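Q:
2 protein chains.
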Amino acid sequence: MVQSLGNHLIIELYECHRDVINNAQMVEEKLKEAVRVSGANMVQSVIHEFNPHGISGVIVIEESHFSVHTWPEYGYCALDIFTCGDEIDYHSALQYLKSEFQAQSMSVTELKRGMLDLPVKLLHKPESRGIPAAACA
Amino acid sequence: MVQSLGNHLIIELYECHRDVINNAQMVEEKLKEAVRVSGANMVQSVIHEFNPHGISGVIVIEESHFSVHTWPEYGYCALDIFTCGDEIDYHSALQYLKSEFQAQSMSVTELKRGMLDLPVKLLHKPESRGIPAAACA
Numbered sequence: 014m015v016q017s018l019g020n021h022l023i024i025e026l027y028e029c030h031r032d033v034i035n036n037a038q039m040v041e042e043k044l045k046e047a048v049r050v051s052g053a054n055m056v057q058s059v060i061h062e063f064n065p066h067g068i069s070g071v072i073v074i075e076e077s078h079f080s081v082h083t084w085p086e087y088g089y090c091a092l093d094i095f096t097c098g099d100e101i102d103y104h105s106a107l108q109y110l111k112s113e114f115q116a117q118s119m120s121v122t123e124l125k126r127g128m129l130d131l132p133v134k135l136l137h138k139p140e141s142r143g144i145p146a147a148a149c150a
Numbered sequence: 014m015v016q017s018l019g020n021h022l023i024i025e026l027y028e029c030h031r032d033v034i035n036n037a038q039m040v041e042e043k044l045k046e047a048v049r050v051s052g053a054n055m056v057q058s059v060i061h062e063f064n065p066h067g068i069s070g071v072i073v074i075e076e077s078h079f080s081v082h083t084w085p086e087y088g089y090c091a092l093d094i095f096t097c098g099d100e101i102d103y104h105s106a107l108q109y110l111k112s113e114f115q116a117q118s119m120s121v122t123e124l125k126r127g128m129l130d131l132p133v134k135l136l137h138k139p140e141s142r143g144i145p146a147a148a149c150a
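Chains as they are written, first to last, in the working numbering: chain A, 14 to 150; chain B, 14 to 150.
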């Protein structure tokens, strides 16, 4: 049966609060909290602050990654939430970040990654609750 | 005029060499080399190895990020190359990784991120050669 290995939300956040999305500490804290809200398991966080403005933040999770790149001068954030497994609440994470960045509008594209015709059900499907998240990678 | 802030290649690599994409050191070395080939500037690399198999690798660059998530058991890699600026040779980076991972087939979707109607030309457009890459974030 055709199944997908990963789920990728590609999010455009517009008219965000410019001070929030230009503050590396705040962006990292909110990204970490979004990971927590989603139920994912953080592996490592990387935050980079640009001069004169702009933040890049990436959190590698056991279920893939969250990334955000901000352009405070335009009030814009490019947010990606890439997860595997059916147990990650990525929609709650998305709503949390939209609210925290005070985005006035957004667009979301949901892509299925790794659509493969597999003979068996994937290990990380719901019936495998209890299997470590890492099993999905 | 409508311009995009970022360029995002969403790449599916199929039938890769399973030993290569299950070797964290090799995946990280090849991802770093792909960044170098593209002309991007590495900020930090994160690599995570899953048990029993699978690698996640993310490199934050001054021009956004490269990420790869591998499923060696299926010979599949989900590769993302997110860049800003017109001076990053992401197509060469893509061809390098396709070759090094020995992918037998791939699909590529190119997305423009942050399509905004801006009154002035972006700083990181070609006519601004010499401006630091960080200026694009």
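Even for Gly, the Cβ is constructed at its ideal location relative to N, Cα and C. Small disclaimer: the values here were computed from a predicted structure and weren't measured.
1) Would the beta-carbon of N36 (chain B) fall within 9 Å of that of I68 (chain B)?
2) Does DSSP classify A53 (chain B) as helix, strand or coil?
3) Judging by CA-CA distance, which residue of A:Y89, A:V40, A:H82 is the nearest neighbour of E113 (chain A)?
4) Provide the residue(s) that pair with R126 (chain B) in DSSP beta bridges, ordered along the chain.
5) As a quick exercise: from A:V81, A:N54, A:V50, pick the residue whose alpha carbon is nearest that of I60 (chain A).
6) What in chain B is Cβ-close to L18 (chain A), meaning under 9 Å?
7) What does L124 (chain A) touch in chain B if you count any residue whose Cβ is under 9 Å from its own?
8) Is it the case that the region 45-52 of chain A contacts the region 94-112 of chain A, given that we only count it when at least three CB pairs across the two stretches are under 8 Å?
9) Which residues bound the beta strand (DSSP E) around Y89 (chain B)?
10) Which same chain residues, not among the five before or five after P145 (chain A), have their C-beta less than 6 Å away from its C-beta?
11) Could you tell me which chain B residues have their CB closer than 8 Å to the CB of Q57 (chain A), listed as they occur along the chain?
12) Quick check on the DSSP output: the beta strand (DSSP E) that includes H82 (chain A) runs from which residue to which?
13) In whole angstroms, what is the alpha-carbon distance linking Y89 (chain B) and I74 (chain A)?
14) Since G70 (chain B) is in the beta strand (DSSP E), which residue starts that stretch and which ends it?
15) Are the C-beta atoms of V133 (chain A) and some chain B residue less than 9 Å apart?
16) Helix, strand or coil: which one does DSSP assign to V133 (chain A)?
17) Please state whether the Cβ-Cβ distance between L26 (chain B) and A91 (chain A) is less than 9 Å.
18) For a contact meaning CB atoms closer than 9 Å, what does L129 (chain B) contact in chain A?
19) For E113 (chain A), does the three-state DSSP call read helix, strand or coil?
20) Can you pull the chain B neighbours of S51 (chain A), defined as C-beta to C-beta under 8 Å?
21) Roughly how many angstroms lie between the CA atoms of E86 (chain B) and Q117 (chain B), to the nearest whole one?
22) Sort B:W84, B:V15, B:Q38 by Cα distance to L131 (chain A) and report the nearest one.
23) Under a three-way DSSP split, which group does H30 (chain B) fall into?
24) Which residues in chain B sit within 8 Å of H78 (chain A), going by Cβ to Cβ distance?
25) Does any residue of chain A have a CB that is nearer than 9 Å to the CB of F95 (chain B)?
26) Taking only three categories from DSSP, how would you classify A147 (chain B)?
27) Given a cut-off of 9 Å, decide if D102 (chain A) and I24 (chain A) are closer than it, judged by their beta-carbon atoms.
A: For this structure:
1) In contact: N36 (chain B) and I68 (chain B) (Cβ atoms closer than 9 Å).
2) Correct three-state label for A53 (chain B): coil.
3) Taking the Cα of E113 (chain A) as reference, the smallest distance to any Cα among A:Y89, A:V40, A:H82 is reached at A:V40.
4) Answer is B:G19, bridged to R126 (chain B).
5) It is A:V81 whose Cα lies nearest to the Cα of I60 (chain A).
6) In chain order: H82, W84, Y87, Y89, A91.
7) In chain order, I23, T122 make up the part of chain B whose C-beta sits under 9 Å from the C-beta of L124 (chain A).
8) They touch, by the three-pair rule.
9) Y89 (chain B) -> beta strand (DSSP E) spans 89-96.
10) The predicted model places P145 (chain A) with a pLDDT of 42, which falls under 50 and marks its position as unreliable; any figure quoted below should be read in that light. Excluding sequence neighbours, P145 (chain A) sits near nothing in its chain.
11) Around Q57 (chain A), the beta-carbon contacts reaching into chain B at under 8 Å are V59, H61.
12) Per DSSP, H82 (chain A) belongs to the beta strand (DSSP E) from 77-84.
13) Cα atoms of Y89 (chain B) and I74 (chain A): separation of roughly 19 Å, rounded to the nearest angstrom.
14) Per DSSP, the continuous beta strand (DSSP E) segment holding G70 (chain B) begins and ends at 68-74.
15) No, V133 (chain A) lies away from the interface with chain B (no Cβ there is under 9 Å from its Cβ).
16) Correct three-state label for V133 (chain A): coil.
17) Cβ distance not < 9 Å, so L26 (chain B) and A91 (chain A) don't count as in contact.
18) Residues of chain A with a Cβ closer than 9 Å to the Cβ of L129 (chain B) are, in chain order, Y27, W84, Y87, Y89.
19) Taken through DSSP and simplified to helix, strand or coil, E113 (chain A) comes out as helix.
20) By Cβ distance, chain B contributes nothing, its closest Cβ being about 16 Å from S51 (chain A), past 8 Å.
21) Note on geometry: alpha-carbon atoms of E86 (chain B) and Q117 (chain B) lie some 15 Å from one another.
22) Closest option to L131 (chain A), Cα to Cα, is B:W84.
23) H30 (chain B) falls in the coil class under three-state DSSP.
24) Ordered by position in chain B, the residues that pass the 8 Å Cβ test against H78 (chain A) are S69, V71, S80, H82.
25) Output row for F95 (chain B): interface = yes.
26) Any reading at A147 (chain B) needs caution, since the residue's pLDDT is 44, under 50, leaving its predicted position unreliable; the model's value is listed next. Here A147 (chain B) carries a helix assignment [DSSP, helix/strand/coil].
27) Contact flag unset, no.
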